[in-house]
Amino acid sequence: MLAPKERKIFCLNNIAKIGLEKFRTGYTLTENVNEAAGILVRSADMLNMEFPENLRAIARAGAGVNNIPLEKCAENGIVVFNTPGANANSVKELVLAGLLLASRDIFGGIQWIRDNANNPDVSKLAEKAKKNFAGHEISGKTLGVIGLGAIGVRVANAAVSLGMNVLGYDPYLSVNSAWMLSPMIKHADTPEEVYKASDFITIHVPAMDSTRHMINADTIAKMKPGMKILNFARDVLVDEEALKDALESGQVACYVSDFPNKLSVTLKNSIVLPHLGASTEEAEDNCAVMAAIQLQDYLDNGNITNSVNYPETNAGVCETEARAETFPTCYRK
């Protein structure tokens, strides 16, 4: 049996300590990327990064990988991992908060209280003013969920528990997701069904060329007047120029986004959060642990789990040969 090999890991972002502690003895952190066998990253931009010859793998502590040049990595034999589902509960909880923020004018009510904080009659005035912020209950309303992956399934199931009618759409629904879905969720055959029937729509799909601006002027026109859109996936999924017109006309009553940008923060009737979805301590811990375990299993054993640019491989524990030293090199230019 081979003695455990010493390896160096470079962190492009701060990675939760609990994840780094998962590396076995012989793994050390380095501040020199050129000597790293593996990289741990969260949101740092790697698109124009030059990779050292000895780099074998990159593990993204999160689900999205649009900050990593996947094709370039594949061409150079660098396996890229992500951590699907590790932050799903964190995002799910924020989506539920977004539902309530969109249905009740909670922010408006809080701002009114702050504006009148110095008025000695604030309590009496509040009783008269509260009707302006009352809003509506979500129970009995229809939520359309586009994308039933790790997050979408959890959101859909939670909405059912809150008394909502849920309509889900996902042409690539996995077997695992199907098993997890509540039987109370109605499956839509087309996104148009979701647009037509929903009081709220929440998007949970990856950012790709095929999904860019999937919510646009044409799709918004098919939606119920006065409906509300929640976007906790990626800002590029929504054509915010078209959304601006819809918010001003009232076709869309409210937009909740977790992605502040130059346009979104100025939109009428919008609630924009500072990308809080996966930022809980628990989510960061879960992602760090999952990323570290997958990275080490590949470097030590050649096993690939949750890669976004190489097929899944599981050959068990390596006892006679360092698989990860030889496997990727055959793909390198």
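Using our numbering, count along the sequence shown one by one with no gaps and you end on 342. The beta carbon of each residue, even a glycine, is placed where N, CA and C say it ideally should be.
| query | result |
| --- | --- |
| C-beta contact flag for residue 266 and residue 258 at 8 Å | no |
| Three CB pairs or more closer than 8 Å across the region 112-131 and the region 299-308 | no |
| Chain-order list of residues whose beta-carbon lies under 8 Å from that of residue 351 (same chain, five-residue window excluded) | The structure shown does not extend to residue 351, since the chain is modelled only from 10 to 342, so the question has no answer here. |
| Nearest-angstrom Cα separation, counted from residue 123 out to residue 276 | 22 Å |
| Cα-Cα separation, residue 141 to residue 108 | 18 Å |
| CA-to-CA distance, residue 211 to residue 155, given in whole angstroms | 6 Å |
| Residue 60 - partner residues in DSSP beta bridges | Answer is none; residue 60 lacks a bridge partner. |
| Nonlocal neighbours in the same chain, by C-beta distance under 6 Å from residue 326, ignoring five residues either side | 310 |
| 8 Å Cβ cutoff, residue 93 in contact with chain E | The structure shown has no chain E; it contains just one protein chain. |
| N-terminal and C-terminal residue of the beta strand (DSSP E) that residue 151 is part of | 151-155 |
| Unbroken alpha helix (DSSP H) run spanning residue 116, endpoints | 115-124 |
| Cut-off 6 Å between Cβ atoms - residues of its own chain near residue 163, not counting five sequence neighbours on either side | 97, 101 |
| Pairwise C-alpha distance: residue 158 and residue 183 | 8 Å |
| Sequence-distant residues of the same chain with beta carbon closer than 8 Å to residue 323, five excluded per side | 312, 313, 314 |
| Close Cβ partners of residue 252 (< 8 Å) along its chain, the five nearest in sequence each way excluded | 224, 229, 238, 261, 264, 276 |
| Reference residue 321, options 91, 33, 26, closest by Cα | 91 |
| Counted within 10 angstroms of its Cβ, other Cβ atoms place residue 145 as buried (16 or more) or exposed | exposed |
| Residue 327 - DSSP class collapsed to helix/strand/coil | coil |
| Those runs of the beta strand (DSSP E) which lie wholly inside the region 192-230 and span at least 3 residues | 209-212 |
| Simplified DSSP assignment, three categories, for residue 174 | strand |
| CB of residue 316 within 8 Å of CB of residue 50, strictly | no |
| For residue 280, three-class secondary structure by DSSP | strand |
| Residue 47: first and last residue of the uninterrupted beta strand (DSSP E) it sits in | 47-50 |
| Distance between beta carbons of residue 64 and residue 48, contact taken as under 8 Å | 7 Å |
| Selected residue, minimal CA-CA separation from residue 170, among 194, 199, 14 | 194 |
| With 16 other Cβ atoms within 10 Å as the buried cut-off, status of residue 151 | buried |
| Spatial distance of residue 175 from residue 165 (CA atoms) | 6 Å |
| Alpha helix (DSSP H) segment containing residue 256, residue limits | 249-258 |
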